[in-house]
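Per numbering that gives the first Met the number 0, the sequence shown starts with residue 0, numbered consecutively.
The beta carbon of each residue, even a glycine, is placed where N, CA and C say it ideally should be.
Read the structure below first, then the notes.
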Amino acid sequence: MKSLKSLLVLSAGVAFFLSAGAGARADSLSIVLALPFQSGVEGLVDEFQFDATVTNESSQTVYLNGDAFSVDAPLAVDDSPFFAYPLSLGAGDSYTGPLFNVDVPPGAPQGLYAGSFEIIGGGPTDYTDVAGAADFNAQITPEPSSLLLMASGLAGLAATLRRRLAR
Numbered sequence: 000m001k002s003l004k005s006l007l008v009l010s011a012g013v014a015f016f017l018s019a020g021a022g023a024r025a026d027s028l029s030i031v032l033a034l035p036f037q038s039g040v041e042g043l044v045d046e047f048q049f050d051a052t053v054t055n056e057s058s059q060t061v062y063l064n065g066d067a068f069s070v071d072a073p074l075a076v077d078d079s080p081f082f083a084y085p086l087s088l089g090a091g092d093s094y095t096g097p098l099f100n101v102d103v104p105p106g107a108p109q110g111l112y113a114g115s116f117e118i119i120g121g122g123p124t125d126y127t128d129v130a131g132a133a134d135f136n137a138q139i140t141p142e143p144s145s146l147l148l149m150a151s152g153l154a155g156l157a158a159t160l161r162r163r164l165a166r
């Protein structure tokens, strides 16, 4: 009976230390996204640039080994700005700059598109651990010229109906 009790205490101790170690490594980076910069021509948005401040909130150096991302279709994420980030951040260090772009294809329907961006890393050989994550939204709205065209069409329709009703 005593050996069973010792085995249970030992198992509980091992489980505690394993879970404490995993909690210390989870999300050691804080990612704060700025409002996206929109680029395009003549009212057509073809790209959102997301700038971010990435801060190492842990007491150890965190390596930025890669990234993972997702966004609702038909939008696409371009992660090439992430490759300008430093390879590691020391304890308490931060870096601010463009993190990723969201490309909007021509003719994309208006609406709100959701996405997420994760920085993979931690230790120098951690290629699957998520060191930090951020969710984002991209709002696609019709360009002003389309709205003006629609408003003038509705005004013309209202004027025609008013004349017919007046007769």
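query                                                                                                  : result
Distance between L88 and T52 (C-alpha atoms, nearest Å)                                                : 12 Å
Straight-line Cα distance separating L160 from L153                                                    : 11 Å
Where S93 falls: helix, strand or coil (DSSP)                                                          : strand
Burial state of F68, where buried means 16 or more other Cβ atoms lie within 10 Å                      : buried
L32 in three-state terms, based on DSSP                                                                : strand
Buried versus exposed call for D66 [16 or more other C-beta atoms within 10 Å across all chains shown] : buried
Residues bridged to Y62 [DSSP beta-bridge criterion]                                                   : S87 and G121
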